[in-house]
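S.K.: Numbering of the sequence shown is given in our numbering, commencing with residue 1 and proceeding in unit increments.
Shown below is the structure under consideration.
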Amino acid sequence: MGNLTQILPLILMFVLFYFLLIRPQQKRQKATRNMQSSLKKGDKVATIGGMHGTIDAIDELQIVIKSPDGSKLTFDRAAIREITESAPNKEITV
């Protein structure tokens with residue numbers, strides 16, 4: 001019984017850390033991975049460095065972003081922070 005009372009505060013601290021720190025961080029990482037995997041040509045994005053532009057080309061690891069002045073820059077896919085405006089879906093009507 002004495003050992004259990006000594007270990008119980010450590011277990012409680014671990015559970016508290018898990019629910020307050022580890023779990024929310026894992027959720028943010030999952031959301032970021034989902035966002036970066038759903039990127040498509042024409043999306044307006046912002047990079048982690050603060051550059052805003054439109055995706056001009058995309059492949060497995062890199063993205064080419066066209067800035068408003070017309071210049072094109074290549075970034076790693078992981079450098080995309082957020083999608084500021086999603087490209088419209090082109091539907092084919094018959």
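Just so it is clear, CB atoms sit at the ideal spot from N, CA and C, and this is done for glycine as well.
1) Thinking R81 and L61 are a contact (beta carbons under 8 Å), I'd like their distance in whole angstroms, please.
2) Please state whether DSSP places G2 in a helix, a strand or coil.
3) DSSP on A78, reduced to helix/strand/coil?
4) Whole angstroms are fine: how far does the CA of S38 sit from the CA of R28?
5) Determine the DSSP secondary structure at A87, reduced to helix, strand or coil.
M.R.: Quick answer:
1) By one-based count along the sequence shown, residue 81 stands at place 81. By one-based count along the sequence shown, residue 61 stands at place 61. In fact, because the Cβ distance is near 17 Å, the residues do not count as touching under 8 Å.
2) The count along the sequence shown starts at 1 and reaches residue 2 at position 2. In the structure shown, G2 sits in a helix (DSSP, three-state: H, G or I).
3) For the purposes of this step, residue 78 is taken as residue 78 along the sequence shown, with counting starting at 1. Three-state DSSP puts A78 in a helix.
4) Along the sequence shown, one-based indexing puts residue 28 at 28. Along the sequence shown, one-based indexing puts residue 38 at 38. One C-alpha to the other measures close to 15 Å.
5) Taking the first residue of the sequence shown as position 1, residue 87 is located at position 87. The answer is coil: DSSP assigns A87 none of H, G, I, E or B.
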